[in-house]
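Numbered per our numbering, the sequence shown spans residues 43 to 576.
Note that beta-carbon positions come from the ideal geometry of N, C-alpha and C, so glycine has one too.
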Amino acid sequence: MSHVSRLYKGSKPKFSASDPRGSALSPGKHLPHAFHGSPWRDNTILSDKLDFCPIPTEEALKLWDYFMERVEPIVKISFSWTLTHLRAALSDAEKWRRLNNGDHVLILSTCLFGAASLTNQECLALFGRTKASLTNECRVQCDMAFSRISLLAIDSISALKAMCLYIKANVDVLTSRSMWTLMGLISRSAEQLGMHRDGTVLGLSSIETEERRRLWWQLQHLDLILSLKNNVTPLSFGAGWDVRLPLNIEDSDLNPSSRTPPKDRLGLTSFSYTLFTYWIMEKQRGFRLTQASQAMAGDKSLLGCLADSMIDDLETGLNENFLQYCDPINPLHTILQITARAVVNVLRLRKLHEARMRSQNSDDRCHIEHFNACMQGMRYIVLSHSNLQLKPFIWLVESSFLWYAFIGILVDMSNLTDVNLIRSAWTLLSQLYAVADHLSDLQDDRRKSHAARSVVATWYECRQKPGLAAMEKPAFVSQLEKDLAGLESNTDTDKQSQVIVSQELWQARPIETELQPFGFEFADIDWAFWDSIS
Numbered sequence: 043m044s045h046v047s048r049l050y051k052g053s054k055p056k057f058s059a060s061d062p063r064g065s066a067l068s069p070g071k072h073l074p075h076a077f078h079g080s081p082w083r084d085n086t087i088l089s090d091k092l093d094f095c096p097i098p099t100e101e102a103l104k105l106w107d108y109f110m111e112r113v114e115p116i117v118k119i120s121f122s123w124t125l126t127h128l129r130a131a132l133s134d135a136e137k138w139r140r141l142n143n144g145d146h147v148l149i150l151s152t153c154l155f156g157a158a159s160l161t162n163q164e165c166l167a168l169f170g171r172t173k174a175s176l177t178n179e180c181r182v183q184c185d186m187a188f189s190r191i192s193l194l195a196i197d198s199i200s201a202l203k204a205m206c207l208y209i210k211a212n213v214d215v216l217t218s219r220s221m222w223t224l225m226g227l228i229s230r231s232a233e234q235l236g237m238h239r240d241g242t243v244l245g246l247s248s249i250e251t252e253e254r255r256r257l258w259w260q261l262q263h264l265d266l267i268l269s270l271k272n273n274v275t276p277l278s279f280g281a282g283w284d285v286r287l288p289l290n291i292e293d294s295d296l297n298p299s300s301r302t303p304p305k306d307r308l309g310l311t312s313f314s315y316t317l318f319t320y321w322i323m324e325k326q327r328g329f330r331l332t333q334a335s336q337a338m339a340g341d342k343s344l345l346g347c348l349a350d351s352m353i354d355d356l357e358t359g360l361n362e363n364f365l366q367y368c369d370p371i372n373p374l375h376t377i378l379q380i381t382a383r384a385v386v387n388v389l390r391l392r393k394l395h396e397a398r399m400r401s402q403n404s405d406d407r408c409h410i411e412h413f414n415a416c417m418q419g420m421r422y423i424v425l426s427h428s429n430l431q432l433k434p435f436i437w438l439v440e441s442s443f444l445w446y447a448f449i450g451i452l453v454d455m456s457n458l459t460d461v462n463l464i465r466s467a468w469t470l471l472s473q474l475y476a477v478a479d480h481l482s483d484l485q486d487d488r489r490k491s492h493a494a495r496s497v498v499a500t501w502y503e504c505r506q507k508p509g510l511a512a513m514e515k516p517a518f519v520s521q522l523e524k525d526l527a528g529l530e531s532n533t534d535t536d537k538q539s540q541v542i543v544s545q546e547l548w549q550a551r552p553i554e555t556e557l558q559p560f561g562f563e564f565a566d567i568d569w570a571f572w573d574s575i576s
């Protein structure tokens with residue numbers, strides 16, 4: 043039952059899910075919701091509720107279990123007993139029918155995320171179809187289930203959780219623009235439910251308080267991700283809310299009969315990875331709010347670079363609160379350790395990127411520092427892919443790929459004169475393509491094909507540098523040339539005779555012409571392209 047039912051005394055009248063009178067937030071006049079609560083809802087063909095799970099039971103249970111193994115340790119927004127209760131409904135029709143629409147869509151979004159965490163090969167082996175086909179089917183079922191929710195007036199915590207999972211599972215699959223707009227709907231509904239106030243202020247129980255904290259901070263995380271992808275101001279990250287960080291506890295530490303919240307545990311818990319993400323956000327938020335309050339008018343960005351001192355303090359705090367407790371034999375600890383180091387490196391890289399953009403002299407130290415930071419970012423990616431323990435979390439590694447660091451290496455190589463640095467970059471790129479299989483699938487993401495062309499162009503440019511003419515071409519570069527030839531012949535069959543991706547073609551073109559399509563002048567690159575193509 044929704045927490046907003048607390049606003050009522052006595053019995054609450056029953057209305058259909060689409061009726062605004064069924065919401066605790068309904069106005070006194072019982073006015074209808076805009077678009078009946080959902081822009082695409084057609085009340086003439088949709089029943090009020092799903093009578094059964096639209097995903098076959100065996101498949102749904104498999105997807106749920108993969109979610110629990112691969113996603114839930116990273117994105118913990120529901121308590122263990124809630125997940126057990128919902129999973130039981132997958133194999134019990136009566137339990138399914140007793141759930142509300144919010145619970146139904148939470149189950150389906152969970153299955154969708156389970157599918158998204160699988161590789162294409164795993165989908166073929168387990169479900170007999172491609173990952174694209176499986177995730178599309180799950181997404182369609184989610185979309186249809188969401189149409190039974192009043193999306194313009196959400197009053198169910200389960201529905202908000204479902205939206206979080208839906209957005210996170212689709213963050214690189216659906217357009218950033220549409221996801222950003224959807225984020226606005228969810229944020230406003232969350233605020234209407236009072237999620238922006240800490241449960242202790244509202245006099246809620248420790249369990250209700252923790253549930254709301256976990257959900258609110260996950261919403262802020264998504265808000266920040268999508269604002270960066272769209273280059274817009276976060277909706278509520280810098281607003282005046284007072285929700286505290288969730289506690290560093292196990293679910294079992296919460297006592298339903300106690301009004302006193304449990305104490306934070308020392309060391310790492312099963313919630314620590316999720317908490318570490320929120321901890322970084324809280325530190326950034328505090329810094330940015332202070333920065334904005336002291337800034338002159340027009341200089342109050344919430345997305346700008348952090349000060350060096352702030353990054354240093356952040357790193358110290360991560361070491362003290364999380365990293366010192368990491369055990370390398372625990373996969374969750376390992377991914378936390380790598381991610382934390384990578385986050386600090388990215389924060390420093392953003393500072394160096396800014397300095398690189400301002401630099402007027404190619405001899406400035408910021409150029410080498412920028413190159414080294416980009417290399418470091420790719421090393422973390424290689425390490426993550428190479429560690430067999432982290433196989434369950436490869437979906438996270440792939441979705442967090444640092445495109446601007448990858449392209450930064452190629453751009454910086456064009457300007458480097460140090461032969462050893464250039465050779466080290468090609469060694470690292472060879473390692474990267476050897477372990478990160480998804481980079482070689484050029485058809486599903488334009489960034490990958492653009493990156494492949496950039497790699498080949500950079501290779502032939504490097505060969506023209508003094509001391510590198512005899513450098514042996516890496517095998518992955520030759521393979522990329524073949525893959526690009528195949529890609530171009532498939533997409534432009536009328537011009538097959540013109541498709542020749544070879545050393546002669548690359549070397550025959552003037553360097554300016556060769557590199558121009560990829561914007562290899564650092565300041566001219568459309569860096570936003572590498573974060574998102576909508």
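Legend entry - C-alpha gap between lysine 173 and aspartate 486, whole angstroms: 11 Å
Legend entry - The alpha helix (DSSP H) enclosing isoleucine 371, as first and last residue numbers: No alpha helix (DSSP H) holds isoleucine 371; DSSP gives it neither H nor E.
Inset, instruction - Could you spell out where the alpha helix (DSSP H) holding histidine 146 opens and where it closes? - result: 143 to 158
Inset, instruction - Determine the burial state of phenylalanine 308: buried for a count of at least 16 other Cβ atoms within 10 Å of its Cβ, exposed for fewer. - result: Sequence inspection shows leucine at residue 308; the phenylalanine mentioned does not correspond to that position. Classification of leucine 308: exposed, given that the 10 Å Cβ count is below 16.
Legend entry - For alanine 232, the three-state DSSP class (helix, strand or coil): helix
Legend entry - Exposed unless 16 or more other CB atoms sit within 10 angstroms - verdict on lysine 271: It counts as buried.
Inset, instruction - Output the distance between the C-alpha atoms of aspartate 525 and alanine 467, rounded to the nearest integer angstrom. - result: 22 Å
Inset, instruction - Look up alanine 130 in the DSSP assignment and say whether it is helix, strand or coil. - result: DSSP places alanine 130 in helix when its eight states are reduced to three.
Inset, instruction - For lysine 325, verify whether its CB is less than 6 Å away from any heavy atom of the ligand PLP. - result: Ligands are entirely absent from the displayed structure, and the ligand PLP is therefore not among its contents.
Legend entry - Three-state secondary structure assigned by DSSP to serine 531: Reduced to three states, the DSSP call for serine 531 is helix.
Legend entry - Residue nearest to alanine 158 in terms of C-alpha spacing, selected from Val215, Ile423, Gln183: Closest option to alanine 158, Cα to Cα, is Val215.
Legend entry - Cβ neighbour criterion (16 or more within 10 Å) applied to leucine 244: Here leucine 244 is exposed: its Cβ has fewer than 16 other Cβ atoms, across all protein chains shown, within 10 Å.
Inset, instruction - With a 10 Å radius around its C-beta and 16 neighbouring C-beta atoms as the bar for buried, classify arginine 301 as buried or exposed. - result: exposed
Legend entry - alanine 550 versus glutamine 506: straight-line alpha-carbon distance, rounded: For alanine 550, the predicted model reports a pLDDT of 42, less than 50, meaning its position is unreliable and no value from the coordinates is stated.
Inset, instruction - Under the assumption that cysteine 95 contacts isoleucine 149 (Cβ atoms under 8 Å), give the Cβ distance between them as a whole number of angstroms. - result: 7 Å
Legend entry - Local Cβ density within 10 Å of aspartate 197, reported as buried at 16 or more and exposed below that: buried
Legend entry - Cβ pair asparagine 353, leucine 378 closer than 7 Å: It is worth fixing the name first, because residue 353 is isoleucine in this sequence and not asparagine. No, these two residues do not count as a Cβ contact at 7 Å.
Legend entry - CA nearest to the CA of arginine 129, picked from Ala493, Arg112, Thr99: Ranking Ala493, Arg112, Thr99 by Cα distance to arginine 129 puts Thr99 first.
Inset, instruction - Express the C-alpha separation of arginine 327 and valine 498 in angstroms, rounding to a whole number. - result: 41 Å
Inset, instruction - Could you check what DSSP says for methionine 399 in three-state terms: helix, strand or coil? - result: helix
Inset, instruction - Helix, strand or coil for valine 117, going by three-state DSSP, please let me know. - result: coil
Legend entry - Residues near arginine 398 in its chain [Cβ-Cβ closer than 7 Å; skip 5 each side]: Sequence-distant partners of arginine 398 (beyond 5 residues in either direction) whose C-beta falls short of 7 Å from its own C-beta, in its chain, are Cys408, His409, His412, Phe564.
Legend entry - Test item: CB-CB of tryptophan 123 and alanine 131 under 7 Å: By the CB criterion at 7 Å, tryptophan 123 and alanine 131 fall outside the cutoff.
Inset, instruction - Report the option in Phe155, Gln418, Lys91, Met186 whose CA atom is closest to the CA atom of proline 115. - result: Phe155
Legend entry - 7 Å CB neighbourhood of alanine 382 in its chain, flanking five on each side removed: Here the set comprises Phe318, Leu360, Phe364, Leu365.
Inset, instruction - Could you say if the segment 178 to 188 and the segment 225 to 241 meet the contact criterion of at least three C-beta pairs nearer than 8 Å? - result: no
Legend entry - Test item: CB-CB of valine 477 and tryptophan 501 under 7 Å: no
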